[in-house]
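Remarks on the structure that follows.
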């Protein structure tokens with residue numbers, strides 16, 4: 001049915017060096033595990049979770065990433081937005 005030939009999907013082999021200065025959180029997480037399969041599996045899990053979060057498959061707890069807005073900031077931005085729909089200046 002498919003006229004295209006099947007392409008054999010080969011595994012991807014990655015060898016990379018990560019310094020703590022490059023990404024301290026990732027470095028600290030990975031250094032907890034001994035070299036070898038456990039560290040590689042942890043990196044796989046982190047990469048896959050990041051991919052799922054990027055595509056919105058599961059929500060990231062935004063409270064950890066962005067500090068909550070102060071009520072005065074919300075009212076200022078709401079006032080600016082509400083003025084957009086106000087009467088025109090020509091009248």
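Numbering (full-length UniProt numbering), first residue to last: 1 to 91. Where is the CB? At the ideal position from N, CA and C, for every residue including glycine.
Would you give the residue range spanned by the alpha helix (DSSP H) that residue i belongs to?
i: residue 20; result: Segment: none, residue 20 is in no alpha helix (DSSP H) and carries neither H nor E.
i: residue 29; result: 24 to 31
i: residue 56; result: Taken as a continuous stretch (DSSP letters only), residue 56 belongs to no alpha helix (DSSP H), as it is neither H nor E.
List the whole-angstrom C-beta distance separating residue i from residue j, where the pair is believed to meet the contact cut-off of C-beta under 8 Å.
i: residue 94; j: residue 26; result: No information on residue 94 is available, as it lies outside the stretch 1 to 91 that the chain covers here.
i: residue 30; j: residue 44; result: That pair is no contact at about 11 Å.
Once the 5 residues before and after residue i are set aside, which same chain residues still bring their CB inside 6 Å of it?
i: residue 52; result: 58
Any heavy atom of the ligand FMN closer than 7 Å to the CB of residue i?
i: residue 36; result: No copy of the ligand FMN occurs in the structure displayed, which carries no ligand at all.
Here's a check: name, in chain order, each residue in its chain whose Cβ is nearer than 8 Å to the Cβ of residue i, leaving out the five neighbours to either side.
i: residue 28; result: 20
Excluding the 5 residues flanking residue i on each side, which residues of the same chain have their C-beta closer than 7 Å to its C-beta?
i: residue 16; result: none
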